[in-house]
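Written out below as structure tokens is the structure these notes cover.
Residue numbers (the numbering used here): 10 to 462.
Here is the structure:
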């Protein structure tokens with residue numbers, strides 16, 4: 010990415026180049042997680058980023074760690090819609106916007122964070138914060154940024170949307186931009202890990218997928234009469250064998266890699282065939298993770314949120330480092346006793362029209378995917394065939410994210426005899442896999458069974 014950024018600068022000598030990101034920059038690899046994101050900040054400093062929207066996963070190590078990362082960054086980490094509950098003001102350590110000057114051009118960046126942050130990171134990490142309206146934040150700050158002297162105003166958002174093949178685009182981030190009444194000049198979105206190429210009232214809105222697999226290049230011009238025009242030049246995919254890597258970044262990364270190599274390269278298991286990861290549904294990898302959690306705690310049932318399954322796995326040897334990318338968040342396992350009624354409510358909430366949001370172990374569910382919400386679960390039974398009784402009691406394992414209502418699963422707040430085991434979900438997965446035969450026997454039988462066949 011550093012090489013591509015340098016090439017983009019060199020290709021437009023007549024224009025200053027600014028580099029921004031839609032957020033969630035620090036989560037998901039051993040190199041980043043073992044330093045609570047400090048290694049990524051070092052890399053982004055070296056690449057030359059100018060502004061980054063604070064993402065929900067920037068809070069994964071708590072506010073104190075994020076404050077340290079902000080102090081270490083040479084670029085702005087922005088959150089214009091983040092407020093303290095107690096005071097109704099922005100935290101002193103968060104900037105809503107920043108103007109960056111380069112070659113005499115002043116660009117004002119306003120950063121926004123998804124309002125779903127309290128349910129998409131550990132809620133306890135943001136309990137003292139509020140994530141308010143994105144459109145209201147933009148309408149408040151766009152005039153302020155222009156009055157401060159910005160030539161152009163760019164919205165940098167950790168919220169986005171999706172575009173269909175026919176060019177129709179929608180989503181919470183795009184709705185927020187449509188609701189904004191003040192004029193911005195360009196918008197970079199994030200969070201939804203998707204390709205967004207659209208315009209809202211003639212202004213480009215761009216999202217370049219995820220995981221540094223692509224980047225967007227846009228251009229903003231102002232003519233002699235002061236008229237501003239902007240356009241997306243294109244979304245460009247990044248390939249490791251097209252440009253030579255930046256030597257300084259290689260040295261930086263090599264230092265961090267050396268610190269974790271003894272972990273990264275250790276072979277944990279082996280797969281005969283590749284396991285791909287769809288976005289949602291009854292995931293084979295989700296079954297494996299849930300089985301590992303049930304084995305670690307000895308409960309009747311384990312339930313795992315689909316959003317915690319972060320990648321597929323290739324055929325062949327599977328290393329510790331690869332597994333970490335599969336399950337990077339470091340959640341702890343929590344056991345509880347639940348009523349059958351609450352358990353069924355959780356299963357019902359976990360089945361959406363476009364696929365399951367819960368991965369299952371110890372329980373199998375027959376569902377009607379096209380039924381209305383609330384009527385999709387037709388039958389649930391333990392693996393031995395015993396039906397789940399609404400009046401019964403069951404021992405259940407979930408991660409600490411779910412146990413406190415993450416992703417809206419408030420049913421787990423109704424559990425009793427709640428125990429934080431202290432077992433990290435990733436450690437449970439590694440121990441489970443190391444105890445299995447090689448190659449790994451994969452659970453192929455469906456656990457969400459469609460009544461339609």
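Every residue gets a Cβ at the ideal spot worked out from N, C-alpha and C, and that includes glycine.
Computed from a prediction, not measured in an experiment: that's the story for all the values here.
Just verifying my parser: in three-state terms, what is the DSSP assignment at residue i?
i: residue 345; result: strand
i: residue 127; result: helix
i: residue 66; result: helix
i: residue 396; result: strand
i: residue 271; result: helix
i: residue 368; result: strand
i: residue 145; result: helix
i: residue 101; result: coil
i: residue 27; result: coil
i: residue 80; result: helix
i: residue 86; result: strand
i: residue 279; result: strand
i: residue 108; result: strand
i: residue 40; result: helix
i: residue 239; result: strand
i: residue 248; result: coil
i: residue 56; result: helix
i: residue 119; result: strand
i: residue 33; result: coil
i: residue 354; result: helix
i: residue 96; result: coil
i: residue 260; result: helix
i: residue 464; result: The chain is shown only over 10 to 462; residue 464 falls outside these bounds and no answer can be derived.
i: residue 61; result: strand
i: residue 328; result: strand
i: residue 322; result: strand
i: residue 72; result: helix
i: residue 140; result: strand
i: residue 458; result: strand
Whole-angstrom Cβ separation of residue i and residue j, contact assumed at under 8 Å?
i: residue 122; j: residue 79; result: In fact, because the Cβ distance is near 13 Å, the residues do not count as touching under 8 Å.
i: residue 166; j: residue 151; result: The Cβ separation is near 13 Å, so there is no contact.
i: residue 161; j: residue 237; result: 7 Å
i: residue 367; j: residue 312; result: 5 Å
i: residue 127; j: residue 140; result: 7 Å
i: residue 239; j: residue 214; result: Not a contact, Cβ separation roughly 10 Å.
i: residue 433; j: residue 339; result: 6 Å
i: residue 16; j: residue 252; result: 6 Å
i: residue 53; j: residue 82; result: 7 Å
Where does residue i land, buried or exposed, given buried means 16+ other C-beta within 10 angstroms?
i: residue 220; result: exposed
i: residue 315; result: buried
i: residue 94; result: exposed
i: residue 454; result: exposed
i: residue 200; result: buried
i: residue 412; result: buried
i: residue 56; result: buried
i: residue 260; result: exposed
i: residue 66; result: buried
i: residue 388; result: exposed
i: residue 205; result: buried
i: residue 248; result: exposed
i: residue 30; result: buried
i: residue 356; result: buried
i: residue 272; result: exposed
i: residue 156; result: exposed
i: residue 296; result: buried
i: residue 337; result: buried
i: residue 456; result: buried
i: residue 399; result: exposed
Looking at residue i and the ligand GDP, is the gap between the Cβ and the nearest heavy atom below 6 Å?
i: residue 197; result: The ligand GDP is absent from the structure shown, which contains no ligands of any kind.
Would you say residue i faces chain B, with C-beta separation under 7 Å as the test?
i: residue 405; result: Judged by its chain identifiers, the structure shown contains no chain B, having just a single protein chain.
Legend entry - Length at least 4, wholly inside the stretch 283 to 319: the alpha helix (DSSP H) runs in chain order: Whole alpha helix (DSSP H) segments, 4+ residues: 293 to 306.
Legend entry - alpha helix (DSSP H) runs wholly inside the stretch 150 to 233, at least 4 long, in chain order: 181 to 188
Inset, instruction - Decide yes or no for the touch test of the stretch 332 to 339 against the stretch 383 to 392: beta carbon pairs closer than 8 Å, at least 3 of them. - result: no
Legend entry - Segment contact flag, the stretch 322 to 330 with the stretch 368 to 376, C-beta cutoff 8 Å, min 3 pairs: no
Legend entry - Complete alpha helix (DSSP H) runs within the stretch 376 to 447 (minimum length 4 residues, chain order): Within the stretch 376 to 447, the complete alpha helix (DSSP H) runs of at least 4 residues are 409 to 412, 434 to 443.
Inset, instruction - Assess, as a yes-or-no matter, whether the stretch 354 to 369 is touched by the stretch 289 to 296 under the definition of 3 or more beta carbon pairs within less than 8 Å. - result: yes
Inset, instruction - Specify whether the stretch 268 to 284 and the stretch 427 to 444 touch according to this definition: at least 3 beta carbon pairs, one from each stretch, less than 8 Å apart. - result: Contact between the stretch 268 to 284 and the stretch 427 to 444 is present, because at least three Cβ pairs lie under 8 Å.
Inset, instruction - Could you say if the stretch 59 to 77 and the stretch 107 to 118 meet the contact criterion of at least three C-beta pairs nearer than 8 Å? - result: yes
Legend entry - Inter-stretch contact at 8 Å, needing at least 3 Cβ pairs: the stretch 170 to 188 / the stretch 34 to 48: no
Inset, instruction - Evaluate contact between the stretch 378 to 388 and the stretch 299 to 306, counting only Cβ atoms and requiring at least three cross-stretch pairs below 8 Å. - result: no
Legend entry - Inter-stretch contact (C-beta, 8 Å, three-pair minimum) for the stretch 241 to 258 and the stretch 181 to 193: The stretch 241 to 258 vs the stretch 181 to 193: no contact.
Inset, instruction - Please determine if the stretch 400 to 407 and the stretch 342 to 361 are in contact, where contact requires at least 3 C-beta pairs separated by less than 8 Å. - result: Contact between the stretch 400 to 407 and the stretch 342 to 361 is present: three or more C-beta pairs spanning the two stretches fall below 8 Å.
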